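Here's the structure, in structure tokens; my notes come after.
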Amino acid sequence: MISRLKNNDANGNRTLLVVSVMLATLMQALDTTIANVALPDMQGSLSATQDQVSWVLTSYIVAAAILTPVTGWLAGRLGRRRLLIIAVGGFTVASLLCGIATGIGEMVFYRVLQGVFGASLVPISQSLLLDAFPKEKHGAAMAMWGMGIMVGPILGPPLGGFLTQNYSWHWVFLINLPIGILALIGILASVKKDQPHERPLDGIGLGLLALGIGALQLFLDRGQGEDWFDSLEIQIEAALAFLALYTYALWWWRHREHSLLDLGLLKNANFAVGCALIFIVGIVLFATLALLPPYLSTLMNYPVLTIGLVLAPRGVGTMLSMMVVGRLLGRVDARGPILIGMGLMVLSLHGMTQFGPTASMSAVVWLGVIQGLGLGLVFVPISTVAYATLEPHQRTEAAGLFSLVRNIGSSVGISVVMTLLSRAGQINHAEIGARIPAFGAETTLLPPMWNPDTVSGAALLNVEVMRQSAAIGYLNDFKLMMLLTLVSMPLVLLMQSGKHPAAGSAGADAAAAH
48 MISRLKNNDA
58 NGNRTLLVVS
68 VMLATLMQAL
78 DTTIANVALP
88 DMQGSLSATQ
98 DQVSWVLTSY
108 IVAAAILTPV
118 TGWLAGRLGR
128 RRLLIIAVGG
138 FTVASLLCGI
148 ATGIGEMVFY
158 RVLQGVFGAS
168 LVPISQSLLL
178 DAFPKEKHGA
188 AMAMWGMGIM
198 VGPILGPPLG
208 GFLTQNYSWH
218 WVFLINLPIG
228 ILALIGILAS
238 VKKDQPHERP
248 LDGIGLGLLA
258 LGIGALQLFL
268 DRGQGEDWFD
278 SLEIQIEAAL
288 AFLALYTYAL
298 WWWRHREHSL
308 LDLGLLKNAN
318 FAVGCALIFI
328 VGIVLFATLA
338 LLPPYLSTLM
348 NYPVLTIGLV
358 LAPRGVGTML
368 SMMVVGRLLG
378 RVDARGPILI
388 GMGLMVLSLH
398 GMTQFGPTAS
408 MSAVVWLGVI
418 QGLGLGLVFV
428 PISTVAYATL
438 EPHQRTEAAG
448 LFSLVRNIGS
458 SVGISVVMTL
468 LSRAGQINHA
478 EIGARIPAFG
488 AETTLLPPMW
498 NPDTVSGAAL
508 LNVEVMRQSA
518 AIGYLNDFKL
528 MMLLTLVSMP
538 LVLLMQSGKH
548 PAAGSAGADA
558 AAAH
């Protein structure tokens, strides 16, 4: 009876830990995209220029990227419980400060604080859940954790649009307060104290990583707006990123014992392939999120709330597939769900290449659901199998590197597709415009009763050519992501299966690990 009560108590604490960690993860994931739709309102309210208000997004991304690799060292120095409490509390306070900011300088500073405190939330929450569950239940644990990571960015834009339209942009940040407070209370009650251990700070490594990752994120985030290498700023950022990251690799090779971020983790085949695949997932997830809202807005004239409702089923598909695959992992070869999921991603992206200047709402919804199902089938097994052959003490640092790779993948994806979209629009406009007179297409592109020889007719014809040019750019981006996903599928075969031979041996492995 006593042992049953202890088990019930342990399960209750574990449930509370899962809920608390998911709330913290969801809060951080939401903030990667929730502020995007509120930027025009913030620009007017804070009396900022378009370039200044873009730093509301850039500052958060850069700060989080720089601090993510430091998570392993901070967890060792402070203890994971204390670090998580500081991260959740600091992120919640920074969200409050963002919500009451009155100037663009204040807002950018508070967003930096959000990024600093939020950087540790994802890696720490992932390693805590892996340690809280036996090995045979890691798939279910990653499914629960992944819901916050994957669904948060998808729900961010519609939720941000709803709050901005019905209340004000301040609530985009203030909504974090109740979530953060509930998560903090749960963490205090459920996460066990752990003993910190002394670990010297690799100051030179920290400086090189901060410079390299910060410069890389600025390069990716600001490149399109500054016309890439035609800008001296972008040239400097690219050079700094390459030199700093290359120098850190050399520094790590000579000082592996006390390095800040252990690149030796990539010698583990499962983890290395997992990082490569999560890089692809980051590209597809965030690049599609960056493309679909402007496509639906500019070409199909959907209002913000309608766009949110059309894209929301994608998140539903992700949650459904995560719940299913979380129960299957440990009993089936993990490579099967990954390949099926990538196949579904390819299928959905192929369907999107069939869009034109307009697409039916049902097609957008169902292709989004299919892509969501695929992303869920891919994300959970990768997040599980990547850590399956690592030692327990390596998980926190590995989670930091894993999160960093996913974030860089998302930045690369957004930068590439938006650059190609912009340039394709210009090229296609010139190509289509040159061919219109040769084929007499002006009579088919314009509605009846409009004469292309008049000023108003020529203006309307130009608008239609711009729509057609933009549509081609979107379709080319979808095709690029489809091909990228397709050619990366053979990497899955390099991973170990992740299937446990028997429950008993899995339980023994978990017991030995702890």
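Counting with my numbering, you get residues 48 to 561 for the letters of the sequence shown. We treat Cβ as the ideally placed atom computed from N, Cα and C, and that holds for glycine. Here the structure is a predicted model, which means the values were calculated and not measured.
Checklist entry - Would DSSP call Leu307 helix, strand or coil? => result Residue state, collapsed to three classes: coil.
Next on the checklist: Quick check: Ala112 and Ile234, are their CB atoms within less than 7 Å of each other?
Outcome noted: Between Ala112 and Ile234, the CB-CB gap reaches or exceeds 7 Å.
Checklist entry - Exposed or buried, which one is Asp78 when buried takes at least 16 other CB atoms within 10 Å? => result Looking at its Cβ environment, which holds 16 or more other Cβ atoms inside 10 Å, Asp78 is buried.
Checklist entry - Do you know offhand how far Pro588's Cα is from Val320's? => result The structure shown does not extend to residue 588, since the chain is modelled only from 48 to 561, so the question has no answer here.
Item to check | Bridge-paired residues (DSSP) for Val155 | outcome: The partner list for Val155 (beta bridge, DSSP) is empty, contrary to what the question assumes.
Item to check | Cα-Cα separation, Tyr521 to Leu468 | outcome: Approximately 6 Å, taken between the alpha carbons.
Checklist entry - Which of helix, strand or coil does DSSP assign to Val238? => result Per DSSP, reduced to three states, the secondary structure at Val238 is coil, with no helix or strand assignment.
Item to check | Touch test, the segment 229-249 against the segment 373-389, Cβ-Cβ under 8 Å, three pairs minimum | outcome: Counting C-beta pairs with one atom in each stretch, the segment 229-249 and the segment 373-389 have fewer than three that are closer than 8 Å, which means they do not touch.
Checklist entry - Per the contact definition of three or more C-beta pairs closer than 8 Å, is the segment 281-301 in contact with the segment 517-531? => result Taking 8 Å as the limit for Cβ pairs, the verdict is that the segment 281-301 does not touch the segment 517-531.
Checklist entry - Asn315: buried (16+ other C-beta within 10 angstroms of its C-beta) or exposed? => result Flag for Asn315 reads buried.
Next on the checklist: Determine whether the beta carbon atoms of Leu279 and Ala262 lie at a separation below 7 Å.
Outcome noted: With a cutoff of 7 Å on beta-carbon distance, Leu279 and Ala262 are scored as not near each other.
Checklist entry - Which ranges does the alpha helix (DSSP H) cover as unbroken runs of at least 4 residues, wholly within the segment 206-279, from first to last along the chain? => result If we require 4 residues or more, the alpha helix (DSSP H) runs fully inside the segment 206-279 come out as 217-221, 223-237, 250-269.
Item to check | Exposure label - Ala30; buried when at least 16 CB within 10 Å | outcome: With the chain running from 48 to 561 in the structure shown, residue 30 is simply not present.
Checklist entry - For Ile474, does the count of other Cβ atoms within 10 angstroms reach 16, so buried, or fall short, so exposed? => result Classification of Ile474: exposed, given that the 10 Å Cβ count is below 16.
Next on the checklist: Using CA atoms only, rank isn't needed, just tell me which of Leu531, Val412, Ala85, Pro170 is closest to Leu356.
Outcome noted: Ranked by Cα distance from Leu356, the first of Leu531, Val412, Ala85, Pro170 is Val412.
Next on the checklist: Taking DSSP's pairing of strands, which residues face Val379 in a bridge?
Outcome noted: DSSP, once it has assigned bridges, lists Leu376 as partnering Val379.
Next on the checklist: Excluding the 5 residues flanking Ser457 on each side, which residues of the same chain have their C-beta closer than 6 Å to its C-beta?
Outcome noted: Closer than 6 Å at the Cβ level, and outside the excluded window around Ser457, lie Gly329, Phe333.
Checklist entry - Alpha carbon to alpha carbon, how far is Ala236 from Val66? => result Spanning the two alpha carbons is a distance of roughly 12 Å.
Item to check | Reduced DSSP secondary structure (H/G/I, E/B, other) of Asp524 | outcome: Per DSSP, reduced to three states, the secondary structure at Asp524 is helical.
Checklist entry - Roughly how far, in whole angstroms, is the beta-carbon of Ile196 from the beta-carbon of Ala76, given that I think they are within contact range, below 8 Å? => result With 8 Å as the limit, Ile196 and Ala76 qualify as a contact, their Cβ atoms being about 5 Å apart.
Next on the checklist: Measuring straight from C-alpha to C-alpha, what distance separates Leu346 and Gln401?
Outcome noted: Approximately 15 Å, taken between the alpha carbons.
Checklist entry - Distance, Cα to Cα, Ile354 vs Ala446? => result Rounded to whole angstroms, Ile354 to Ala446 spans 33 Å at the Cα level.
Next on the checklist: Would the segment 134-145 count as touching the segment 166-182 if we require 3 or more Cβ pairs under 8 Å?
Outcome noted: Judged by pairs of C-beta atoms under 8 Å, the segment 134-145 touches the segment 166-182, as three or more such pairs exist.
Checklist entry - For His440, which residues from the same chain have a beta carbon less than 8 Å from its beta carbon, with the 5 sequence-adjacent residues on both sides left out? => result Correct list: empty, nothing qualifies.
Checklist entry - Using the C-alpha atoms, what's the distance from Leu176 back to Ala406? => result The alpha-carbon atoms of Ala406 and Leu176 are separated by roughly 41 Å.
Item to check | Beta-carbon spacing of Leu125, Pro205 below 7 Å | outcome: Taking a C-beta distance under 7 Å as the contact criterion, Leu125 and Pro205 do not qualify as a contact pair.
Item to check | Supposed close pair Glu444, Leu312 - CB separation, criterion 8 Å | outcome: The pair is a contact, with the Cβ atoms about 7 Å apart (cut-off 8 Å).
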